[in-house]
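Undergrad:
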Amino acid sequence: MIRIANILILFFMVAINLYAGDELSKIRDDIKREGLNWMAGETRILRMDPINRRLLLSPNPPEIKNINIFSSDKNMHYAYPSNMDYRNYLGYNWMTPVRDQGSCGSCWAFSTLGSLEAMIKLYNSDPYMNLDLSEQDLVSCTATGSCAYGGFQLFAANYIKASGVVDEACFPYIAQEGDCKNKCSNPTLKEYIKDAGMVGFFSIATEEDIKAALIKYGPIPSSMKVYSDFYAYKGGVYQKTANATEEGWHAIVIIGWDDAKNAWICKNSWGDDFGDKGYFMIKKGDSFIGWGTEWMIYKDDLKPRFCTDTPSVNLTVNLRDKSTQDFEVKIYNCGSWVFEWTAFTTDTYIQILQKTGVAIRKPSSVTAHLDASILEVGTYTTYINFKSDGVENSPLMIPVRITVVDNEPIDYGNDIYGDIIDVSMADIVEITDLKDAYQEDTHSSIDIAADLVLEDISIKEDSENIPDKVEYYDTEYSDVISLKDSFTSQDTVSIDIGVEREESNESDSGCGCIIIE
4 MIRIANILIL FFMVAINLYA GDELSKIRDD IKREGLNWMA GETRILRMDP INRRLLLSPN
64 PPEIKNINIF SSDKNMHYAY PSNMDYRNYL GYNWMTPVRD QGSCGSCWAF STLGSLEAMI
124 KLYNSDPYMN LDLSEQDLVS CTATGSCAYG GFQLFAANYI KASGVVDEAC FPYIAQEGDC
184 KNKCSNPTLK EYIKDAGMVG FFSIATEEDI KAALIKYGPI PSSMKVYSDF YAYKGGVYQK
244 TANATEEGWH AIVIIGWDDA KNAWICKNSW GDDFGDKGYF MIKKGDSFIG WGTEWMIYKD
304 DLKPRFCTDT PSVNLTVNLR DKSTQDFEVK IYNCGSWVFE WTAFTTDTYI QILQKTGVAI
364 RKPSSVTAHL DASILEVGTY TTYINFKSDG VENSPLMIPV RITVVDNEPI DYGNDIYGDI
424 IDVSMADIVE ITDLKDAYQE DTHSSIDIAA DLVLEDISIK EDSENIPDKV EYYDTEYSDV
484 ISLKDSFTSQ DTVSIDIGVE REESNESDSG CGCIIIE
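According to our numbering, the sequence shown holds residues 4 to 520 in order.
1) With distances taken from CA atoms, which of P175, P53, L136 and D182 is nearest E194?
2) Go ahead and pull the three-state DSSP assignment for W294.
3) Quick check: the Cα distance between F14 and G24, rounded to an integer number of angstroms?
4) So, for N55: in the same chain, excluding its five sequence neighbours on each side, which residues have a beta-carbon less than 7 Å away from its beta-carbon?
5) To the nearest angstrom, how far is the alpha carbon of E45 from that of E250?
6) What is the residue span of the beta strand (DSSP E) that Y230 lies within?
7) To the nearest angstrom, report how far apart W273 and G38 are at their CA atoms.
8) Rounding to the nearest angstrom, what Cα-Cα distance links I462 and K325 in this structure?
9) How far does the alpha helix (DSSP H) with T115 in it extend, from its first residue to its last?
10) Spell out a yes or no on whether the stretch 210-222 and the stretch 180-187 are touching, meaning 3 or more CB-CB pairs, one atom from each, closer than 8 Å.
11) Please classify S376 as buried or exposed, where buried requires at least 16 neighbouring CB atoms within 10 angstroms.
12) For G148 versus A172, is the C-beta spacing smaller than 8 Å?
13) Indicate the three-state DSSP secondary structure (helix, strand or coil) for C107 in the structure shown.
14) Any beta carbon of chain C sitting closer than 8 Å to that of E411?
15) With distance defined between alpha-carbon atoms, name the residue in K214, T313 and T244 nearest to A266.
16) Could you spell out where the alpha helix (DSSP H) holding Y220 opens and where it closes?
17) I401 and S128: beta carbons closer than 8 Å?
18) Please go through the same chain and pick out, in chain order, the residues whose beta-carbon is closer than 8 Å to the beta-carbon of N86, but skip the five residues on each side of it.
19) Beta-carbon separation of W340 and L125 under 8 Å?
20) How big is the Cα-Cα spacing for Y226 and F205?
21) Is the stretch 316-323 close to the stretch 61-78, with three or more CB pairs under 8 Å?
22) Determine the DSSP secondary structure at E37, reduced to helix, strand or coil.
23) Exposed or buried, what is Q242 when buried is set at 16 or more other beta-carbons lying within 10 Å of its beta-carbon?
24) Using a Cβ distance threshold of 8 Å, determine whether the stretch 380-390 contacts the stretch 338-355, with at least three qualifying pairs required.
25) So, for Y335: in the same chain, excluding its five sequence neighbours on each side, which residues have a beta-carbon less than 7 Å away from its beta-carbon?
26) On the premise that N96 lies in contact with P130, defined as a C-beta separation below 8 Å, what is that separation, rounded to the nearest angstrom?
27) What's the C-alpha gap between T145 and A159?
28) Nearest to D312 by alpha carbon, out of K35, P100, L399 and I123?
29) Where does A235 sit, in a helix, a strand or coil, going by DSSP?
30) Between which two residues does the alpha helix (DSSP H) carrying K164 extend?
31) If we count the other Cβ atoms within 10 Å of its Cβ and call it buried at 16 or more, is S143 buried or exposed?
32) Between L356 and L318, which are expected to be in contact by the criterion C-beta below 8 Å, what is the C-beta distance as a whole number of angstroms?
33) Does DSSP put K243 in a helix, in a strand, or in coil?
34) In the DSSP assignment, find the unbroken beta strand (DSSP E) run with V316 in it and report its ends.
35) Between L60 and the rest of its own chain, which residues show a CB-CB distance below 8 Å, the 5 nearest in sequence each way excluded?
36) Do you know how far the Cα of D32 is from the Cα of I123?
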């Protein structure tokens, strides 16, 4: 009996592969004959038998509820960009990984959460956020959605608004109905939305309304009708062929558009081995794309805000030494969403090397250049300004305070100036380089610049390579200078020692030294 069963299984597998191969040939012939611009190939979905394919879909289209309608402002005539893609929006990928719904008509749950996850990342201005919400929570706990009969994204959104949705770890996906009681009692994450509604006044949202919603809210849930040739999609801009048959309805996420290709860009839920790494492009208006498109808003209205890790910059330049200097300021978005900025200054002696950028939650460094050669000795205050329309705290003004001096180089004698000594702060180090040159009662000014340095980084014999963040100690030569409390016993410290000898009437006899503890 087992042998017979294995033979039957093998027979059906061969039959399915032969059927899929013949079907693929017909689809490719239709694409070529009709001059369509997409590629068909063998896919995991195409190799499924027709019954299992339809398990991925809903038998009926999403129900249209004309409530909380969002539509574009027809009077503004907004100049939309020619293309937009939330996988590369302002240089960052805001989408979460493509999921696989398995043999369950739960695409409506994946559409809803695929959109919400991206919105949460955008709201928090954090493209690196690791987020995975539970589709099983929606499948098992909503009264209006299931595997067998599908569901509607708007009903799922209303459930999240009222009850919240937990994270994947709390309620893992099983591609079955499941029991809501299996959800954990103490989730580490539970997300709510503020509101949801429909995009546009028609069953299929207009192109203008979809674009406006994408810009205002982020990726949005939508639906399309699936035809038999879509199972073979491998890339390009999908259009159904004339011989394709209707299969059912499918919920997806619209994440952008490409006007040059007259296409919408969509995220699917059939795994990342389908289409273009789980995504596909579809011609605008084809296959009822845009049916029942919805919007959601997460938490409060968007309030992007400028913030900085550099409240001010203080620079000192010696015209006898080096009149130019590079420096950095750090800015980020401490509000919500993500935005572009421009930087400017009104003084010619400051040049901003990066005049445009993007502000997210993670601070980014902006480099500027000071050229003090056109300045006279004195003090100056200028500002680096960061500006972005519609952003709180814009323009952000960071003061740059500059002190310009013109001093002769100091002769420290015996070539001690600029010596760099690496020491372990666990030791008591006697610096004897000064011992023979100066006496204990000689009045001198000693500057010690010290900074923590990683032990595996070699220190070059060049005082300019001392790290920027230094602590300065100005003391009399006869004093004992202690740095021990500033560092741990494992730190290696670079010390640049310079001595300015002053006039002294005292005897030059005796011995003086500096002890660093």
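Beta carbons are placed, not taken as given, at the ideal position from N, Cα and C, and that holds for glycine.
TA: Taking the coordinates as given:
1) Selected option, being the one with the closest Cα: L136.
2) Three-state result, W294: strand.
3) Bear in mind that the predicted position of F14 carries a pLDDT of just 43, short of 50, making it too unreliable to give a figure here.
4) S106, listed in sequence order.
5) Their Cα atoms are separated by approximately 18 Å.
6) I223 to Y230 is the span of the beta strand (DSSP E), which, as asked, contains Y230.
7) So the two alpha carbons sit approximately 27 Å from each other.
8) Note that I462 scores a pLDDT of 35, beneath 50, so its modelled location is shaky; the value from the coordinates is reported in the next line. Whole-angstrom Cα-Cα distance: 22 Å.
9) Unbroken alpha helix (DSSP H) run through T115: C110 to Y126.
10) Segments in contact, no.
11) Exposure of S376 is indicated by the presence of fewer than 16 other C-beta atoms within 10 angstroms of its C-beta.
12) No, they are not a contact pair.
13) DSSP places C107 in the coil class of the three-state scheme, outside both helix and strand.
14) Annotation note: the requested chain C is absent from the structure, which comprises a single protein chain.
15) Nearest option by C-alpha distance: K214.
16) E210 to Y220 is the span of the alpha helix (DSSP H), which, as asked, contains Y220.
17) For I401 and S128, no; Cβs fall outside 8 Å.
18) Correct list, in chain order: G259, W260, D261, D262 and A263.
19) Yes, the pair counts as a contact, with Cβ atoms nearer than the cut-off.
20) The sequence given here has Ser at residue 226, not Tyr. Approximately 13 Å, taken between the alpha carbons.
21) Segments in contact, no.
22) Residue state, collapsed to three classes: helix.
23) Counting Cβ neighbours within 10 Å, Q242 comes out buried, since at least 16 surround it.
24) Because the criterion of three Cβ pairs below 8 Å is met, the stretch 380-390 and the stretch 338-355 touch.
25) Same-chain partners within the cutoff: C310, A362, I363, R364, K365, P366 and S367.
26) That pair is a contact at about 6 Å.
27) Going from the Cα of T145 to the Cα of A159 covers about 7 Å.
28) Closest by alpha carbon: L399.
29) Reduced to three states, the DSSP call for A235 is helix.
30) Unbroken alpha helix (DSSP H) run through K164: Q156 to S166.
31) Buried is the call here.
32) That belief does not hold up - the Cβ atoms of L356 and L318 are roughly 15 Å apart, past 8 Å.
33) DSSP places K243 in coil when its eight states are reduced to three.
34) Here the beta strand (DSSP E) through V316 covers V316 to N321.
35) Hits under 8 Å: G108, C110, G153, V229, E250, G251, W252 and H253.
36) In a straight line, the C-alpha of I123 is about 43 Å away from that of D32.
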